[in-house]
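Peer 1:
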Amino acid sequence: RQTSPGTFKVTRKHRVKDLAASRSSFRIADVIGDEKDELLVIAGGEIQIYPMDQDRLDEPTPLVAGANMIAFDIADYNGDGLLDVTGIIPDDPAPVRLWLGSREGIASRNAKTLSAELRFEMPPLREFISLTLPADGNAEMAVIEKSSKRIVTKTLRRETIEQDNDREASLRVFSFTDGENRKRSHRVVDLDGDGLLDLLATDTKGNALVMYRQVPERGLVERHEQPSLSDLDVVVVGNVDLDPAAEVFVLSEKEGVVGRSDVDGMTIPFPSPMNVSEGYTPVSMELVTLESGPHLAVVAKDGRDYVLDLLDMNGGRNTIELGALSRAPETILDLDADQDGQTDLLLFTPDKPMTMLHATSEGFSLRESKDMGQFGLVKAAAADNIATFDIDNDGRNELLIAEKNFVRAVRYEDAPPAGVSPGWQVVRQINTKDSTSKLVALAVIDSRIFAADSENDRLVVFTSPTGTLDGWAETETVGVTGFALNAIHAGAFSGDGADNILAVGDAGFAVIRLAGERYVLEDTNVWRTDDERRLEHELEAGDINSDGFIDMVSLDAGEQMCEIFTFTETDQMLFATGFKVYESRLFSGGETREYQPSQAIIADLTGDGALDLVLLAHDRVLLYPQATQ
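Using the numbering used here, the first residue of the sequence shown is number 12, and each one after it goes up by one.
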């Protein structure tokens with residue numbers, strides 16, 4: 012605190028782990044909450060927003076991008092009067108991450124929040140700044156592209172998502188606060204009984220469950236963390252009783268416990284243990300629906316000896332011997348595979364053949380791959396690339412499998428027509444138009460099948476316009492850039508009731524809007540030097556000639572130049588002038604390793620009300636006062 016001119020006193024110190032030390036990672040601004048300022052810093056690659064109360068800092072709100080951010084900026088990019096936050100990851104395929112200020116769904120008129128993360132793909136960046144231009148008063152982004160050396164200005168605008176066969180989707184990303192976790196378990200279900208789908212995920216580091224509750228008009232923005240078992244492995248959710256709220260089942264192999272919690276509003280109570288086979292350790296589970304009602308199917312092991320416990324909701328248990336296995340099944344799917352009116356159980360084990368517990372009047376019988384004819388037709392089936400769907404409209408679901416460039420619908424037949432071998436039969440196979448596709452996940456909305464194509468960063472949509480089995484074909488594609496496609500879910504996740512796709516990854520999840528509007532960055536100015544020896548690396552903006560128009564300064568590390576650009580009333584960027592800051596004694600044929608001059612600041616340092624230019628070159632501070640006479 013300044014106690015007298017030029018005299019400062021330390022009133023309190025706050026220790027922040029992994030705090031980044033740069034002027035582009037430390038700001039004070041009002042971006043969330045009430046009208047008070049917050050302190051924004053980068054710590055551990057995340058933007059941390061600390062509410063301030065005089066010299067006290069409250070618990071921070073993190074902005075997580077799934078990769079380490081090294082800088083951020085604050086400006087109003089969409090002209091709504093609220094400050095937005097941009098995070099920069101220079102070498103990422105989507106180097107610019109944007110959180111827009113919002114008052115949607117906020118009861119208090121003065122309160123505000125930040126919306127979900129928007130990602131924008133572009134070439135790797137060397138520099139990023141924000142600048143406000145006169146045409147509309149909105150902030151624009153100015154970047155230096157690393158490979159092309161271009162200086163580009165970009166404006167944020169909204170456009171309607173075209174409803175044609177090949178289009179780009181709108182993508183809003185939410186990052187998990189515990190970072191990347193390949194063992195994360197998640198479920199999509201209406202947790203609180205309000206009719207809206209929510210997301211529940213495990214936080215292994217925090218030994219907790221994290222609920223992302225869907226809020227009307229806002230989507231999956233309300234985060235609630237609940238304590239749970241240590242080192243959570245699996246969570247499954249379903250409504251197995253008569254109340255509107257869901258029941259949550261969790262499994263921890265380390266603690267050897269399967270537990271149940273009944274959701275109560277925003278609370279998930281600590282789980283109560285369930286009765287699994289004595290002497291066995293639970294390793295995986297799934298909620299299945301059999302003819303007698305819902306059951307929790309729990310795979311448990313004792314050494315290499317495995318069993319499947321079917322736990323009903325009244326405490327009963329039916330145990331099925333699975334025999335000796337080298338690895339535990341990861342996923343269990345309830346499906347009447349042979350369409351005989353009895354629900355079978357399909358067990359999927361990573362890197363191992365699928366097995367089937369075939370339902371009979373006397374119970375379940377285990378069928379391994381060698382016991383099922385034409386098993387090669389389904390050997391690609393795994394946890395994420397399967398779904399169930401009635402593709403031939405006969406009232407009975409088939410198993411859908413995504414593989415290579417096709418989706419295959421299959422069923423099991425013990426007694427096929429004469430001349431046909433018993434076993435797995437293909438009901439319909441639908442190929443993509445692009446043979447390079449690599450389909451890795453499936454989701455179904457009504458009569459549409461969505462497949463995630465990881466090779467081409469898109470969703471492929473299959474429909475049957477004629478409503479017949481032979482009519483199934485690829486009918487459209489939806490481009491998805493900035494988020495790796497793994498597991499996908501279909502439903503309404505944006506708070507407005509519209510159909511979306513929810514993509515869940517190791518470090519976060521994304522709501523993919525299939526219709527409506529989306530934000531895009533549009534290039535408004537592009538400039539590149541004709542001198543190949545120059546290397547622009549630093550930008551700064553301000554009115555340095557008092558003509559009422561903003562100017563932009565670029566620093567060059569190749570020939571130590573300071574270049575000045577100006578903008579017209581229509582936001583057109585013009586090269587104005589340039590001058591050499593100093594003569595370098597270094598001579599090299601390649602790209603310079605020394606970025607000098609290193610920094611530029613535009614501020615009034617002479618006290619005459621006019622902005623001056625300050626450059627930092629090595630250990631020298633160079634002041635260029637603005638000529639006001």
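Every residue, glycine too, gets a C-beta built ideally from N, C-alpha and C.
For a test of the three-state rule: what should DSSP assign to Lys-591, helix, strand or coil?
Peer 2: In the sequence shown, the residue the question calls residue 591 occupies position 580. Lys-591 sits in a strand when the DSSP states are folded into three classes.
Peer 1: Closest to Tyr-317 by C-alpha separation, out of Glu-49, Met-324, Tyr-593, Thr-292, would be which residue?
Peer 2: The residue you call residue 317 lines up with position 306 of the sequence shown. It is Thr-292 whose Cα lies nearest to the Cα of Tyr-317.
Peer 1: If distances are taken between C-alpha atoms only, which option among Asp-349, Asp-351, Asp-355, Gln-350 comes closest to Ile-343?
Peer 2: If you number the sequence shown from 1, residue 343 lands on position 332. For the residues Asp-349, Asp-351, Asp-355, Gln-350, the minimum Cα distance to Ile-343 belongs to Asp-355.
Peer 1: Reducing DSSP to helix, strand and coil, say where Lys-165 ends up.
Peer 2: Here residue 165 refers to the residue found at position 154 when the sequence shown is read from its first residue. Three-state result, Lys-165: strand.
Peer 1: Check for me: the beta strand (DSSP E) holding Thr-399 runs from which residue to which?
Peer 2: Counting from one through the sequence shown, the residue named residue 399 turns up at place 388. Its beta strand (DSSP E) spans residues 397-400.
Peer 1: Taking Ile-412 as the reference, give the member of Gly-493, Ala-426, His-306, Asp-395 with the closest Cα.
Peer 2: In the sequence shown, counting from the first residue as 1, residue 412 sits at position 401. For the residues Gly-493, Ala-426, His-306, Asp-395, the minimum Cα distance to Ile-412 belongs to Asp-395.
Peer 1: Are the CB atoms of Val-75 and Ser-186 within a distance shorter than 8 Å?
Peer 2: As a position in the sequence shown, residue 186 is number 175, starting the count at 1. As a position in the sequence shown, residue 75 is number 64, starting the count at 1. Contact: yes.
Peer 1: In whole angstroms, give me the CA-to-CA distance for Gln-637 and Asp-189.
Peer 2: Along the sequence shown, read from residue 1 onward, the residue named residue 637 stands at position 626. Along the sequence shown, read from residue 1 onward, the residue named residue 189 stands at position 178. One C-alpha to the other measures close to 49 Å.
Peer 1: If you run the structure through DSSP and keep just helix, strand and coil, what is Ser-36?
Peer 2: Along the sequence shown, read from residue 1 onward, the residue named residue 36 stands at position 25. Helix at Ser-36.
Peer 1: If we ignore side chains and look at the alpha-carbon of each, how far apart do His-235 and Glu-341 end up?
Peer 2: For the purposes of this step, residue 235 is taken as residue 224 along the sequence shown, with counting starting at 1. For the purposes of this step, residue 341 is taken as residue 330 along the sequence shown, with counting starting at 1. Taking the straight line from one Cα to the other gives about 27 Å.
Peer 1: Could you please give the first and the last residue of the uninterrupted beta strand (DSSP E) stretch that includes Arg-222?
Peer 2: Along the sequence shown, one-based indexing puts residue 222 at 211. With the sequence shown as reference, residue 222 is identified as Met, and Arg is not the correct amino acid for it. 219-226 is the span of the beta strand (DSSP E), which, as asked, contains Met-222.
Peer 1: What are the partner residues of Tyr-61, as DSSP defines its beta bridges?
Peer 2: Position 50 of the sequence shown, counted from the first residue, corresponds to residue 61. According to DSSP, which records beta bridges pairwise, Tyr-61 is partnered with Leu-50.
Peer 1: Does DSSP classify Ile-352 as helix, strand or coil?
Peer 2: Reading the sequence shown from its first residue, position 341 is the one you call residue 352. For the record, residue 352 in the displayed sequence is Gly; it is not Ile. Coil.
Peer 1: Would you tell me roughly how many angstroms separate the C-alpha atoms of Asp-470 and Thr-488, rounded to the nearest one?
Peer 2: If you number the sequence shown from 1, residue 470 lands on position 459. If you number the sequence shown from 1, residue 488 lands on position 477. One detail in the question is off: residue 470 reads as Leu in this sequence, not Asp. Spanning the two alpha carbons is a distance of roughly 6 Å.
Peer 1: In three-state terms, what does DSSP make of Leu-208?
Peer 2: In the sequence shown, the residue the question calls residue 208 occupies position 197. If DSSP states are grouped into helix, strand and coil, Leu-208 belongs with coil.
Peer 1: Would you mind reading off the limits of the beta strand (DSSP E) that contains Tyr-317?
Peer 2: Sequence index remark: in the sequence shown, residue 317 carries index 306 (1-based). 316-323 is the extent of the beta strand (DSSP E) around Tyr-317.
Peer 1: Quick one: grab the DSSP three-state call for Lys-24.
Peer 2: Taking the first residue of the sequence shown as 1, we reach residue 24 at position 13. Coil.
Peer 1: Does Phe-494 pass the burial test, meaning 16 or more other C-beta atoms within 10 Å, or should it be called exposed?
Peer 2: Here residue 494 refers to the residue found at position 483 of the sequence shown. Phe-494 is buried by the Cβ-count criterion.
Peer 1: Counting Cβ pairs, one atom from each stretch, are 3 or more of them under 8 Å apart for the segment 277-284 and the segment 297-306?
Peer 2: no
Peer 1: Helix, strand or coil for Leu-622? Go by DSSP, reduced to three states.
Peer 2: Looking up residue 622 in the sequence shown gives position 611. Looking at Leu-622 - three-state DSSP - the assignment turns out to be coil, as it is neither helix nor strand.
Peer 1: Taking all protein chains shown into account, decide if Gln-13 is buried (16 or more other Cβ within 10 angstroms of its Cβ) or exposed.
Peer 2: Within the sequence shown, the letter at position 2 stands for residue 13. Classification of Gln-13: exposed, given that the 10 Å Cβ count is below 16.
Peer 1: Count the other CB atoms within 10 Å of the CB of Pro-608; is the residue buried (16 or more) or exposed (fewer)?
Peer 2: Translated into the one-based positions of the sequence shown, residue 608 becomes position 597. Under this definition Pro-608 is a buried residue.
Peer 1: How is Asp-405 classed by DSSP in three states: helix, strand or coil?
Peer 2: Taking the first residue of the sequence shown as position 1, residue 405 is located at position 394. Coil.
Peer 1: Which of helix, strand or coil does DSSP assign to Lys-390?
Peer 2: Position 379 of the sequence shown holds residue 390. Assignment of Lys-390 by DSSP, reduced to helix, strand and coil, places it in the coil class.
Peer 1: Between the segment 190-210 and the segment 85-95, can you find at least three pairs of beta-carbon atoms closer than 8 Å?
Peer 2: no
Peer 1: Throw me the rounded Cβ distance for the Ile-456 and Ala-501 pair, which I believe falls under 8 Å.
Peer 2: In the sequence shown, the residue the question calls residue 456 occupies position 445. In the sequence shown, the residue the question calls residue 501 occupies position 490. The C-beta distance from Ile-456 to Ala-501 rounds to 4 Å, short enough to meet the 8 Å contact threshold.
Peer 1: Nearest CA to the CA of Ser-35: which residue from Asp-619, Asp-630, Ala-420, Ile-612?
Peer 2: Numbered from its first residue, the sequence shown carries residue 35 at position 24. For Ser-35, the nearest C-alpha among the options comes from Ile-612.
Peer 1: Let me make sure I understand the geometry here. Which of Tyr-635, Ala-32, Arg-108, Arg-631 has the alpha-carbon closest to that of Ala-621?
Peer 2: The count along the sequence shown starts at 1 and reaches residue 621 at position 610. The residue with the shortest Cα to Cα distance from Ala-621 is Tyr-635.
Peer 1: Could you tell me which residues DSSP puts in a beta bridge with His-548?
Peer 2: As a working mapping, residue 548 is identified with position 537 in the sequence shown. None, per the DSSP bridge assignment.
Peer 1: Please identify the residue among Pro-145, Val-226, Thr-164 whose C-alpha is closest to the C-alpha of Asp-558.
Peer 2: Residue numbering aside, residue 558 sits at position 547 when the sequence shown is read from its first letter. Closest in alpha carbon position to Asp-558, among Pro-145, Val-226, Thr-164, is Pro-145.
Peer 1: Name the two residues that bound the continuous beta strand (DSSP E) containing Met-367.
Peer 2: Position 356 of the sequence shown, counted from the first residue, corresponds to residue 367. Looking at the DSSP string, the run of the beta strand (DSSP E) that includes Met-367 is 366-371.
Peer 1: If distances are taken between C-alpha atoms only, which option among Lys-123, Phe-578, Asp-517, Gly-374 comes closest to Gly-44?
Peer 2: Walking along the sequence shown from the start, residue 44 turns up at place 33. Residue Lys-123 is the option with its Cα nearest to Gly-44.
Peer 1: So what's Asp-7 in DSSP terms, helix, strand or just coil?
Peer 2: Residue coverage of the chain in this structure runs from 12 to 640, which leaves residue 7 outside it and unanswerable.
Peer 1: Taking the beta strand (DSSP E) that Glu-487 belongs to, which residues open and close that run?
Peer 2: Taking the first residue of the sequence shown as 1, we reach residue 487 at position 476. Counting along the chain, the beta strand (DSSP E) containing Glu-487 begins and ends at 484-490.
Peer 1: Decide if Leu-585 is buried, meaning its Cβ has at least 16 other Cβ atoms within 10 Å, or exposed.
Peer 2: Start at 1 with the first residue of the sequence shown, and residue 585 comes out as number 574. Exposed, because fewer than 16 other Cβ atoms sit within 10 Å of the Cβ of Leu-585.
Peer 1: Taking 8 Å as the threshold, find out whether the segment 53-61 comes into contact with the segment 79-88 through three or more Cβ pairs.
Peer 2: Verdict: yes, contact present.
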